[in-house]
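Report on the structure given below.
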Amino acid sequence: MVLFNQKGCRFMTQELIAEDGHRIPLYVWAPPEETPVRCVVQITHGMAEHAGRYTRFARFLNSHGAVVVAHDHRGHGRTLRTMTPGHYGDRNGWQAVCQDLFQVHQHICETWPDRPRFLFAHSMGSFIAQAAIMAHPFSLEGLALSGSNREALPRILGALQIARLERWRQGRRGKSALIYHLSFGAFNQRFRPARTDHDWLSSDPDEVDRYLKDPLCGFRCTNETWVQLLKGLSKLFARSGLDAMPRDLPVLILSGDQDPVGRYGQGPRKLARDLQQAPCGPVTCAFYPAGRHELVNESFRDRVMQDVASWLSGLLPETSAPEAQMRYTVALD
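All residue numbers for the sequence shown refer to this note's numbering, where the first residue is 153 and numbers rise by one.
Have a look at this one:
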């Protein structure tokens with residue numbers, strides 16, 4: 153089914169079939185038919201949310217001539233019709249979600265073979281994106297990482313041991329209160345007195361309320377998913393974890409300095425340094441004062457979305473005007 157909004161933009165849903173038979177829910181937002189397609193932006197969402205939450209951002213990118221394609225990770229979004237919430241699968245879940253991301257990318261390459269392709273990855277999706285790009289032959293003009301982080305490896309290995317213990321104690325599909333407390337329990341500390349348990353997501357209370365009211369958001373992930381995720385992060389956060397990143401891939405890192413996931417800007421700055429040393433790049437950084445975790449849902453989201461559009465435009469071959477370039481000078485020390 154293809155739906156149209158008042159501006160003639162198109163929206164459609166599809167499904168791709170993975171090698172293991174999993175049905176990957178796909179969302180496509182496209183500009184009006186008379187608008188030339190300048191590029192295709194793939195979006196990969198974060199933990200305990202879904203691709204449908206990016207409609208406003210997708211419509212904004214449509215207005216700049218971009219087709220936007222996104223999918224729901226396993227255990228998220230429309231996959232919850234048949235899957236346990238927050239569960240990648242009983243085995244090899246990390247490899248599966250990385251493979252799903254690449255399969256969607258392949259679909260984009262086949263559908264729009266002559267259009268530049270970009271990947272916008274948020275939070276958990278930013279880790280999946282990095283791992284997938286190093287494991288599969290992506291063809292991208294740029295990678296944008298939002299709400300990301302880069303932790304010290306011993307911290308990840310310690311968390312992995314706890315997750316394995318909780319899996320042994322409760323089972324693969326158990327949902328550990330201890331893991332939830334250790335991962336999310338401190339996120340609201342800087343925002344006391346907090347209005348909700350999720351004030352750390354955005355400074356816009358309406359956006360936080362939308363998240364809380366969304367039946368496809370806010371669930372806890374299973375012990376097996378935590379084990380799989382932390383195993384993936386242990387490889388990604390190793391000293392040589394970024395060595396396989398493409399050498400000429402432009403990267404945009406977006407972070408709020410009040411985002412607890414990125415340790416209030418420390419993690420994304422370390423990520424930028426490590427990408428530059430890999431070397432990967434050029435690496436562009438955009439840090440937003442008072443910004444929390446979900447920048448495209450922040451009170452200043454229009455500025456964030458325009459920054460992303462400017463970065464995209466600066467990487468398109470037909471763009472040469474200086475005003476199309478977004479430039480930030482950020483101290484990474």
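Backbone N, C-alpha and C fix where the C-beta goes; we use that ideal spot for every residue, glycine too.
Beyond the five residues adjoining it in sequence on each side, leucine 406 comes within less than 6 angstroms, by CB distance, of Ser298, Ala438, Leu447 in the same chain, given in chain order.
With a beta-carbon spacing of about 35 angstroms, arginine 325 and threonine 263 fall beyond the 8 angstroms limit used to define contacts.
In the DSSP assignment, glutamine 166 falls within the unbroken beta strand (DSSP E) covering 162 to 169.
In the structure shown, histidine 223 falls within a strand segment according to DSSP collapsed to helix, strand and coil. Residue pairing from DSSP leaves serine 335 without any beta-bridge partner.
Comparing alpha carbon positions, the residue from Ser354, Leu404, Asp411 closest to arginine 425 is Leu404. In this chain, histidine 257 is not harboured by any beta strand (DSSP E); it is covered by the alpha helix (DSSP H) spanning 245 to 263. With fewer than 16 neighbouring CB atoms inside 10 Å of its own CB, tyrosine 332 falls in the exposed class. The criterion of a C-beta distance shorter than 8 angstroms is satisfied by glutamine 194 and alanine 222. Here alanine 281 has Thr196, Leu253, Leu271, Ala273, Leu295, Leu297 as same chain residues with Cβ atoms under 8 angstroms from its own Cβ, once five neighbours each way along the sequence are excluded. Within the same chain, Gly299, Gly443, Arg444, His445 come within 7 angstroms of aspartate 411 by CB-CB distance, once the 5 residues on both sides are set aside. The Cβ atoms of histidine 259 and alanine 461 lie no closer than 8 angstroms to each other. Taking a C-beta distance under 8 angstroms as the contact criterion, tryptophan 246 and glycine 384 qualify as a contact pair. Between the alpha carbons of arginine 211 and tryptophan 181 lies a distance of about 7 angstroms. Annotated as proximal: glycine 227 and histidine 239, with beta-carbon spacing under 8 angstroms. As for any alpha helix (DSSP H) of minimum length 4 sitting wholly inside the segment 421 to 480, the runs are 453 to 467, ordered along the chain. Pairing threonine 231 with proline 177 gives a Cβ-Cβ distance under 8 angstroms. Out of Glu318, Leu468, Gly466, Pro188, the CA that lies nearest to the CA of leucine 334 is found in Glu318. Within the segment 260 to 303, the runs of alpha helix (DSSP H) that reach at least 4 residues and sit entirely inside it are, in chain order, 276 to 287. Alanine 182 is bridged by DSSP to Arg162.
Here the alpha carbon of asparagine 340 sits roughly 33 angstroms from the alpha carbon of serine 392. Under the three-state reduction of DSSP output, glycine 417 falls in the coil class, being neither helix nor strand.
Serine 355 is positioned such that its CB atom lies closer than 8 angstroms to that of serine 451. DSSP, read as helix, strand or coil, puts threonine 374 in coil. Residue environment: isoleucine 308 is assigned as buried (16 or more neighbouring CB atoms within 10 Å of its CB, all protein chains considered). At the C-beta level, arginine 267 and cysteine 191 come within 8 angstroms of one another.
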